[in-house]
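Structure, as structure tokens:
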Amino acid sequence: MAKILVVDDDPDFINLIRRVLRSRNYEVLTAVNGEAALKQMRKEKPDLVLLDIMMAYILDGLDVSREMAQDPNLKDVPVIMVTSLTGAREQIELPSDEYIPVEDWIHKPIDPDQLLEQIDRALSAPSR
Amino acid sequence: MTVQLKGKREAITIRWIPKYTFLERAGHWLHTATFVPLAITGMILFFPFLQPLAQGAAGQFIRMVHRIAAVLFGLIPIVYFIIQPRRLLMNIREFMFDKEDIGWVKNAFGYYVLGRHGVMPPQGRFNTGEKMNGLIMIVAWVILGLSGLIMWFAKGLVPTGLFQAMVIIHDVMMIISVCMLLVHLYLAIAHPLMWAGLVSMRFGVTSAEYAAEHHAKWYYGPKRAMELYEAQKRQAAGTEH
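Below is the structure:
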């Protein structure tokens, strides 16, 4: 079964997501900040990463995503951003280096059914 | 800060960063709502020229208001600790002073008062001024609480010298905390560079641009914030020469 790394600094959220993912028999790995997440990924490569943006600092999650994109071993691992940050969706013309690519985005508080649907979609999509 | 969704012509731009929880904001405003009557009634009891207001039935009423407000003022942080202990510990960690605070203090007067927009050392979720305000409020909470309890319940039970010392300590701490409140009010309401403080305490969020500029260590992380700071200093030095 697919291996999913949940990266979040909120242990209650990690426990909740662990229960949701285990209900679908996913193997769950966890990390509480960006540094620990990268260490975990390099030790045991996951099939997908659920990544909180704001952890030890505001851009912690985005830095992880950026570093994954630059790592040949991790660049094909899909990322779903899970965050409580407020953002605005908008059309873009030309992505610059400042644009960080991710597979999908989900807002906290999460809807477990929606999350599982997004995970299925990300895992079945062609790799990066 | 923009995140692109792969395979779509769509991006998500982060505009607002959560800074305070609902409970933190409620606690802050309740603390304000209890501190203001405490300070007003305290000053009436303290300043000789206001003491005519504290005579007779009015004096009894003022003392009662002071004690009720004091109990609420003392309880609010305890309730916060009971409901969100993990969050409180996180806030205490973020209130710890570090070496960038020394640089902030050295430059703050020129930056915030004289309007010299030089390079300021990067700050975490709380800047040095917020940390100093927080420290004084914590010290005031403890000292005003302890000395107030002794003045309220231990008159005649403790040595006269100790009781008198508590009265003086209570008065001095009241003056310090009222001065801090006035500075805090000015910065929150009137200072042009501090508008985001009031926004975040009202709505719980701060803008991404403001966080990047005024709380760089919180926004970029300590390593990248220091790199950006050093680069800004080099650029500023280059401009001067």
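Heads up: the protein sequence lines correspond to chains A and U, in order. Going by my numbering, the first sequence opens with residue -5, and the numbers climb by one from there. Going by my numbering, the second sequence opens with residue 93, and the numbers climb by one from there. Cβ coordinates follow ideal geometry from the N, Cα and C atoms, glycine included. Quick caveat, the model's predicted, so the values are computed rather than measured.
Would you say residue i reaches chain U, if we count a Cβ-Cβ gap shorter than 7 Å as a contact?
{"i": "valine 96(A)", "result": "yes"}
{"i": "serine 118(A)", "result": "no"}
{"i": "serine 17(A)", "result": "no"}
{"i": "isoleucine -2(A)", "result": "no"}
{"i": "isoleucine 11(A)", "result": "no"}
{"i": "isoleucine 79(A)", "result": "Checking the sequence shown, residue 79(A) turns out to be leucine, not isoleucine. Chain U contact via Cβ: present."}
{"i": "proline 89(A)", "result": "Per-residue confidence for proline 89(A) stands at a pLDDT of 43, beneath the threshold of 50, marking its modelled position as unreliable; the derived number appears in the next sentence. Interface residue, yes."}
{"i": "leucine 53(A)", "result": "yes"}
Counting only C-beta atoms, is residue i closer than 7 Å to chain A at any point?
{"i": "glutamine 215(U)", "result": "no"}
{"i": "glutamine 96(U)", "result": "yes"}
{"i": "isoleucine 228(U)", "result": "no"}
{"i": "tryptophan 310(U)", "result": "yes"}
{"i": "glycine 119(U)", "result": "no"}
{"i": "isoleucine 106(U)", "result": "yes"}
{"i": "proline 110(U)", "result": "yes"}
{"i": "glycine 253(U)", "result": "no"}
{"i": "glycine 296(U)", "result": "no"}
{"i": "glycine 313(U)", "result": "yes"}
Does DSSP put residue i in a helix, in a strand, or in coil?
{"i": "isoleucine 94(A)", "result": "strand"}
{"i": "leucine 227(U)", "result": "helix"}
{"i": "serine 299(U)", "result": "strand"}
{"i": "arginine 208(U)", "result": "coil"}
{"i": "glutamine 112(A)", "result": "helix"}
{"i": "valine 53(A)", "result": "The amino acid at residue 53(A) is misidentified as valine; the sequence shows leucine. Reduced to three states, the DSSP call for leucine 53(A) is coil."}
{"i": "threonine 252(U)", "result": "helix"}
{"i": "glutamine 327(U)", "result": "helix"}
{"i": "lysine 102(U)", "result": "One point to set straight first is that residue 102(U) is glutamate, not lysine, in the sequence displayed. Three-state DSSP puts glutamate 102(U) in a strand."}
{"i": "threonine 220(U)", "result": "helix"}
{"i": "leucine 97(U)", "result": "strand"}
{"i": "threonine 113(U)", "result": "coil"}
{"i": "glutamate 38(A)", "result": "coil"}
{"i": "alanine 232(U)", "result": "helix"}
{"i": "serine 17(A)", "result": "coil"}
{"i": "lysine 69(A)", "result": "coil"}
{"i": "proline 214(U)", "result": "coil"}
{"i": "aspartate 54(U)", "result": "Residue 54(U) cannot be examined here, being either before or after the span of chain U that is shown, 93 to 333."}
{"i": "leucine 285(U)", "result": "coil"}
{"i": "histidine 276(U)", "result": "helix"}
{"i": "glycine 313(U)", "result": "coil"}
{"i": "lysine 33(A)", "result": "helix"}
{"i": "alanine 246(U)", "result": "coil"}
{"i": "histidine 306(U)", "result": "helix"}
{"i": "glutamine 176(U)", "result": "coil"}
{"i": "methionine -5(A)", "result": "coil"}
{"i": "glutamine 64(A)", "result": "helix"}
{"i": "alanine 119(A)", "result": "coil"}
{"i": "glutamine 152(U)", "result": "helix"}
{"i": "phenylalanine 127(U)", "result": "helix"}
Answer with buried or exposed for residue i, where buried requires no fewer than 16 other C-beta atoms within 10 angstroms of its C-beta.
{"i": "proline 213(U)", "result": "buried"}
{"i": "leucine 167(U)", "result": "exposed"}
{"i": "asparagine 19(A)", "result": "exposed"}
{"i": "aspartate 91(A)", "result": "Confidence in aspartate 91(A) is poor, its pLDDT being 49 and thus under 50, which makes the residue's placement unreliable; the coordinate value appears in the next sentence. Looking at its Cβ environment, which holds fewer than 16 other Cβ atoms inside 10 Å, aspartate 91(A) is exposed."}
{"i": "valine 76(A)", "result": "buried"}
{"i": "aspartate 6(A)", "result": "exposed"}
{"i": "histidine 209(U)", "result": "exposed"}
{"i": "leucine 88(A)", "result": "The predicted position of leucine 88(A) is uncertain, since its pLDDT is 41 and thus under 50; a value taken from the coordinates is nonetheless stated next. Counting Cβ neighbours within 10 Å, leucine 88(A) comes out exposed, since fewer than 16 surround it."}
{"i": "leucine 45(A)", "result": "buried"}
{"i": "valine 205(U)", "result": "exposed"}
{"i": "glycine 330(U)", "result": "exposed"}
{"i": "valine 231(U)", "result": "exposed"}
{"i": "proline 48(A)", "result": "The amino acid at residue 48(A) is misidentified as proline; the sequence shows methionine. It is buried - the Cβ of methionine 48(A) has at least 16 other Cβ atoms within 10 Å."}
{"i": "alanine 150(U)", "result": "exposed"}
{"i": "valine 0(A)", "result": "buried"}
{"i": "glutamine 114(A)", "result": "Strictly speaking, residue 114(A) in this sequence is aspartate, with glutamine absent from that position. Classification of aspartate 114(A): exposed, given that the 10 Å Cβ count is below 16."}
{"i": "methionine -5(A)", "result": "exposed"}
{"i": "arginine 217(U)", "result": "buried"}
{"i": "phenylalanine 201(U)", "result": "exposed"}
{"i": "aspartate 193(U)", "result": "buried"}
{"i": "tyrosine 172(U)", "result": "buried"}
Quick one: what's residue i bridged to in DSSP?
{"i": "aspartate 46(A)", "result": "Val76(A)"}
{"i": "proline 106(A)", "result": "Proline 106(A) is not bridged to any residue."}
{"i": "alanine 25(A)", "result": "Val1(A)"}
{"i": "tryptophan 99(A)", "result": "Met75(A)"}
- Message: So, does the region 157 to 166 of chain U touch the region 125 to 132 of chain U, judging by three or more C-beta pairs under 8 Å?
- Response: A contact exists between the region 157 to 166 of chain U and the region 125 to 132 of chain U.
- Query: Between the region 229 to 237 of chain U and the region 320 to 332 of chain U, do three or more beta carbon pairs fall short of 8 Å?
  - Reply: Touching, no.
- Query: Would you say the region 239 to 253 of chain U touches the region 135 to 143 of chain U, given that touching needs at least three Cβ pairs under 8 Å?
  - Reply: No, the region 239 to 253 of chain U does not touch the region 135 to 143 of chain U.
- Item | Sufficient close CB pairs (3 or more, under 8 Å) joining the region 61 to 71 of chain A to the region 21 to 38 of chain A | Segments in contact, yes.
- Message: With three or more beta-carbon pairs closer than 8 Å as the criterion, would you say the region 174 to 188 of chain U touches the region 275 to 283 of chain U?
- Response: A contact is defined here as three or more CB-CB pairs under 8 Å, and the region 174 to 188 of chain U fails this definition with respect to the region 275 to 283 of chain U.
- Query: Does the region 166 to 184 of chain U touch the region 254 to 271 of chain U, meaning 3 or more C-beta pairs lie closer than 8 Å?
  - Reply: With a cut-off of 8 Å, the region 166 to 184 of chain U and the region 254 to 271 of chain U do not count as touching, because too few Cβ pairs lie within range.
- Counting Cβ pairs, one atom from each stretch, are 3 or more of them under 8 Å apart for the region 292 to 302 of chain U and the region 97 to 117 of chain U? Result yes; three or more Cβ-Cβ pairs closer than 8 Å.
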